[in-house]
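Presented below is the structure to which this report refers.
Protein chains: 2
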Amino acid sequence: MERHFDEDLRLLKERLLRMGSIAEEMIQKAVKALYERRDELTSDVFDLENQVNQMHVEIDDRCLKLIALHQPMAVDLRLIAAAMKINTDLERVADQAVNVSQTCHYHLLKETPVPEVVLLTRMSEISQKMLRDSLDAFARQDVELAKGVLAQDEEEDQLKARALTQLIERLKKDPERSSQYVDLILLSRNMERIGDHATNIAEDVIFMVQGKDIRHHGGDFIKER
Amino acid sequence: MERHFDEDLRLLKERLLRMGSIAEEMIQKAVKALYERRDELTSDVFDLENQVNQMHVEIDDRCLKLIALHQPMAVDLRLIAAAMKINTDLERVADQAVNVSQTCHYHLLKETPVPEVVLLTRMSEISQKMLRDSLDAFARQDVELAKGVLAQDEEEDQLKARALTQLIERLKKDPERSSQYVDLILLSRNMERIGDHATNIAEDVIFMVQGKDIRHHGGDFIKER
């Protein structure tokens, strides 16, 4: 019985990390489609979403069966609870990659390009790094790496605010291209949300390892917009 | 032991519904602050967020203890798993109410009013109705009511697309007020996300009652932007 349980837990982690890799691949392709104006990459993202959706259902089912069959306690129960939450976050990361791809496919890649917004590039890099680090932290149960993700989230929030100011300035000067600039503002929100999900994953890893809930203890830091 | 368990489950549901009421109150106040230009209501929202954050941690803890102590099976386990997910969604609904309030407090209520705020009225009504219905569906284990929430989500997505088109038209004609229009676009996204969380809650209720995962079976409906 015990060996089955360990094997099932190992498999659960493996499936979750596989789902994470697909979500990462979706973001990479979505961002590449945007920067290299390669519309064919957006269909890859739409295809990969189906895989993620199937895994989402499968992993939840795996978690419930593990609890019902093995009645885990303490650290094992925390691992399964964390897996259920991370599963939800990864599915929503995939949704964000789909949103980015839709904005590209239906709008941005059909229109003349607007000059590069460097801040947005930086945001997409940070989001991807945060997701990578949060999944590595889960794989290695690495609390320090998870804490690093939380720090990157603050950098991303600042970038988001600066990107917004810059894009509103451009809107005022070039109202004819309002639609493109609004798309870029919405893309910056997609990037931010990917970072938020990575932050959730990092918090779940810390809880899983330490059994300590660190959420909502960062003071009442009010984020603007 | 059995009676304790039933009592603990009842208490879990009660706390979750209490958290849901606070999240609803936060949205009501955030929306009222916007429409009636009453900035004092935004501080109420910021205060209520602290309560929601505390309950978020408390309810997760309650769920894990219930699993560890009572080793529930089948429908009871599904209820607890649903409670953990709904807990996450409610906390994020509260985040959206905070975002709306911040946009009002730091931006919109400091500037001259734009008439286009009215485009968001219907969206905010639907979001609030969806949240109310999803929580009622949870309280009464009402699958039909939960399914009604999924239908409302489609209406909201259409409204969101129309609001975006209209607001981009405004932007082109009145670039000086770009900042206000962008704020309204971001507010429409906050409303949409509240509706998305209500949809998640409704799906969890259906799973809890029927033991059937209905997520990702609606065909590959591609939403634009």
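Going down the list, the protein sequences come from chains A and G. If you count by this note's numbering, then the first sequence holds residues 1 to 225, one letter each, in order. If you count by this note's numbering, then the second sequence holds residues 1001 to 1225, one letter each, in order. Yeah, the Cβ is synthetic: ideal placement off N, Cα and C, and Gly gets one too.
Nearest by alpha-carbon distance to residue 1052 of chain G: which of G:1068, G:1097 and G:1143 is it?
G:1097
For residue 31 of chain A, go through chain G and note every residue whose CB falls closer than 7 angstroms to its CB, in chain order.
Within 7 angstroms Cβ-Cβ: nothing; residue 31 of chain A doesn't reach chain G, min ~17 angstroms.
Are there 16 or more other CB atoms within 10 angstroms of the CB of residue 62 of chain A, so buried, or fewer, so exposed?
buried
Nonlocal neighbours in the same chain, by C-beta distance under 8 angstroms from residue 1167 of chain G, ignoring five residues either side:
1116, 1119, 1181, 1184, 1185 and 1188
Measure from the C-beta of residue 77 of chain A to each C-beta in chain G and report whether the shortest distance is under 7 angstroms.
yes
If you draw a straight line from the C-alpha of residue 90 of chain A to the C-alpha of residue 19 of chain A, how long is it?
7 angstroms
With C-beta atoms as the reference, is residue 1205 of chain G less than 7 angstroms away from residue 1151 of chain G?
no
Distance between residue 1056 of chain G and residue 10 of chain A (C-alpha atoms, nearest Å)
29 angstroms
According to DSSP, simplified to helix, strand and coil, what is residue 1121 of chain G?
helix
Unbroken alpha helix (DSSP H) run spanning residue 1036 of chain G, endpoints:
From DSSP, residue 1036 of chain G is part of no alpha helix (DSSP H); its letter is neither H nor E.
7 angstroms CB neighbourhood of residue 203 of chain A in its chain, flanking five on each side removed:
214 and 215
DSSP-derived helix/strand/coil call for residue 13 of chain A:
helix
Considering only their Cβ atoms, is the gap separating residue 64 of chain A from residue 8 of chain A smaller than 7 angstroms?
no
Kindly list the residues whose CB is nearer than 7 angstroms to the CB of residue 1092 of chain G, restricted to its own chain and excluding five residues on each side of it in sequence; keep chain order.
1197
If the cut-off is 8 angstroms on Cβ atoms, which residues from the stretch 151 to 163 of chain A count as contacting chain G, listed in chain order?
none
Taking only beta-carbon positions, decide if residue 1188 of chain G is within less than 7 angstroms of chain A.
no
Through-space distance from residue 6 of chain A to residue 1071 of chain G, alpha-carbon basis
18 angstroms
Do we get a CB-CB distance below 7 angstroms when we pair residue 57 of chain A with the residues of chain G?
yes
Report buried or exposed for residue 1024 of chain G, applying the criterion of at least 16 other Cβ atoms within 10 angstroms of its Cβ.
buried
Could you confirm whether any beta carbon from chain A is found closer than 7 angstroms to the beta carbon of residue 1172 of chain G?
yes
Chain G residues whose Cβ lies nearer than 9 angstroms to that of residue 176 of chain A:
1172
From this set, A:210, A:162, A:108 and A:200, which residue's C-alpha is nearest residue 179 of chain A's C-alpha?
A:108
Taking Cβ positions, are residue 1126 of chain G and residue 1154 of chain G nearer each other than 7 angstroms?
no
Let me know the secondary structure DSSP gives residue 107 of chain A once reduced to three states.
coil
Would residue 75 of chain A be called buried (16 or more neighbouring beta carbons within 10 Å of its own) or exposed?
exposed
Assuming the contact rule is C-beta atoms closer than 8 angstroms, residue 1048 of chain G and residue 1026 of chain G should be a hit. Round their C-beta distance to whole Å, please.
5 angstroms
Hey, is residue 71 of chain A's beta-carbon within less than 7 angstroms of any beta-carbon in chain G?
yes
Using a beta-carbon distance below 7 angstroms, is residue 53 of chain A in contact with chain G?
yes
From the DSSP output, in three-state form, read off residue 1170 of chain G for me.
helix
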